[in-house]
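All residue numbers for the sequence shown refer to my numbering, where the first residue is 99 and numbers rise by one. We put the CB at the ideal spot given by N, CA and C, even for glycine. These figures come from a predicted structure and were not determined experimentally. Everything on this sheet refers to the single structure shown next.
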Amino acid sequence: MGTARGPAGTDVVIVGAGLAGLTCAVDLVGAGVGCRVLEASDGIGGRVRTDLVDGYHLDRGFQILLTAYPEVHERLDVAALELGCFEPGAVVRVAGGFHTVADPLRRPLDLASTLAAPIGTLADKVRLARLVLDVRSHPVGSLLRRPDMTTVVRLSRAGFSSRMVETFWRPLFAGIQLDPGLEVSSRRFDVILRMLSVGSSGVPARGMGAVPAQLAARLPPDTVRLGAEVAEVSPTGVVLSDGEPVPARAVVVATEGPVAHRLLGPRVPDPGSRAAACCWFGVAAPPLAGARIILDGEAGGPAANVAVMSEVAPSYAPPGRALVAAAVPGPDALDPTVTDRVRTQLAGWFGSTTGEWDHLRTDVITHGQPLQVPPFHPRRAVDLGGGLFVCGDHRDTASLQGAMFSGARTASAVIDRLAG
């Protein structure tokens, strides 16, 4: 394909170097289409970044990689990521103690502890096994065509008691979907539950930032330009905030949803935002052994999920230390006192030793995910016409899978238009 362009131009300008933008760029380059990725910040990855702080790998917010995502195997060298994986299931903090609730299909030896956990009735646990089996036995496309409703209605119709919802489902999916109210589409709930049940969940040895780093490594040098904030977009190029024009034959806006709305106006409605925070603590020893997520089944908040990350991936902490992540979804994430509140919560869980924990930092992410309430329709249009395109997790599912898949869909659409 020809690459007729001006001296400062390119075939395609991609605004944003998150997973969607990088995936789009990789596919365009692979098809022989020249592109330039403009990123406003000082690094690639968008919301998927990792910083090395005092020897600890700190992701920007609590994030995990689900290996069942198709794009993970299509796009990434999973072996090179050196994933540390969580044990299937969770530990639930309820009734003043910690109780293991395992995946009944993959950890049958933990069945006794699961049945004894005070999170619901025996019937609830049978329903849990049935629900997991149900989503495992249906392909994703089928799950996305089911009648849509909120997650909490979905669980109610499945027969779960309010105790099971409050002690297990709410804290689990509050963390995954940043949705303490369980308002997110049941279609998305079913898809995520399927991913959890058929694959592993984990983190790369060098942090989640290793994911965008792999994508970027497949691009020619100087494809990505950092510190390049785009102020205006049009079908013939973009204008940076300092007034510099960058002409192109097509423009892809690959930013998070609110920024895409600001740049593109009513053609891309604001998808809304779910906030998240994560408090990171360096500690002398793991407060709880094991590579399982810990759920707040007592609604003591504000942290819904807690994980000892160094139990999952030892490289997350320097030798002789452990790293604790406390994830806060929803409106509590924006409370200025969130770190103090998390300290108080965890002191109640683990005792006064938490006073000796080193607070490394607290990440507050105002846009952690788009809302995606029912009726939820994935695969939203990416070709806006006239040479303008948009991609991101707000065009598919709010997940790493959705971001990469959206980038791939958009690259295909751009290639078709430039060839036409």
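Asked                                                                                                           : Found
C122 (DSSP reduced to helix, strand or coil)                                                                    : helix
Enclosing alpha helix (DSSP H) for I463 [first to last residue]                                                 : From DSSP, I463 is part of no alpha helix (DSSP H) but of the beta strand (DSSP E) over D456 to Q467.
Cβ neighbour criterion (16 or more within 10 Å) applied to V111                                                 : buried
Extent of the continuous alpha helix (DSSP H) run through D481                                                  : Run containing D481: none in the alpha helix (DSSP H); it sits in the beta strand (DSSP E), D481 to G483.
Same chain, Cβ closer than 6 Å to D340, neighbours up to 5 away in sequence not counted                         : none
Burial state of L207, where buried means 16 or more other Cβ atoms lie within 10 Å                              : exposed
Validate contact between the stretch 374 to 383 and the stretch 498 to 509 using beta carbons, cut 8 Å, 3 pairs : no
Residue range of the beta strand (DSSP E) that includes I513                                                    : Looking at the DSSP string, I513 is not in any beta strand (DSSP E); the run it does join, the alpha helix (DSSP H), is L498 to A517.
Assigned secondary structure, T101 (DSSP; H/G/I helix, E/B strand, else coil)                                   : Because T101 carries a pLDDT of 31, less than 50, the predicted location of this residue cannot be relied on, and the following value inherits that uncertainty. In the structure shown, T101 sits in coil (DSSP, three-state: anything other than H, G, I, E or B).
Terminal residues of the beta strand (DSSP E) in which E327 lies                                                : Looking at the DSSP string, E327 is not in any beta strand (DSSP E), and its letter there is neither H nor E.
Stretch pair the stretch 344 to 361 + the stretch 387 to 405: three plus CB contacts closer than 8 Å            : no
Contact between the stretch 292 to 302 and the stretch 151 to 166 (3+ Cβ pairs under 8 Å)                       : yes
Minimum C-alpha distance to P427 - residue among D175, A397, G449 and E409                                      : A397
Run of the alpha helix (DSSP H) containing F287, from where it starts to where it stops                         : S284 to V296
Residues sharing a beta bridge with S240, DSSP                                                                  : S240 pairs with nothing; no bridge assigned.
Buried/exposed call for V113, threshold 16 Cβ in 10 Å                                                           : buried
R205 versus A445: straight-line alpha-carbon distance, rounded                                                  : 30 Å
Straight-line Cα distance separating A511 from P333                                                             : 14 Å
Inter-stretch contact (C-beta, 8 Å, three-pair minimum) for the stretch 450 to 458 and the stretch 182 to 195   : no
Element boundaries [alpha helix (DSSP H), containing R252]                                                      : T249 to R255
Separation of D201 from A215, as counted between CA atoms                                                       : 13 Å
Exposure label - P245; buried when at least 16 CB within 10 Å                                                   : exposed
Beta-ladder partner(s) of H475, from DSSP                                                                       : Answer by DSSP bridge pairing: none, since H475 is not bridged.
Inside the stretch 328 to 412 only - alpha helix (DSSP H) runs reaching at least 4 residues                     : 355 to 362 and 407 to 410
Enclosing beta strand (DSSP E) for V423 [first to last residue]                                                 : Before going further, note that residue 423 is Ala rather than Val in the sequence given. Per DSSP, A423 belongs to the beta strand (DSSP E) from A420 to P427.
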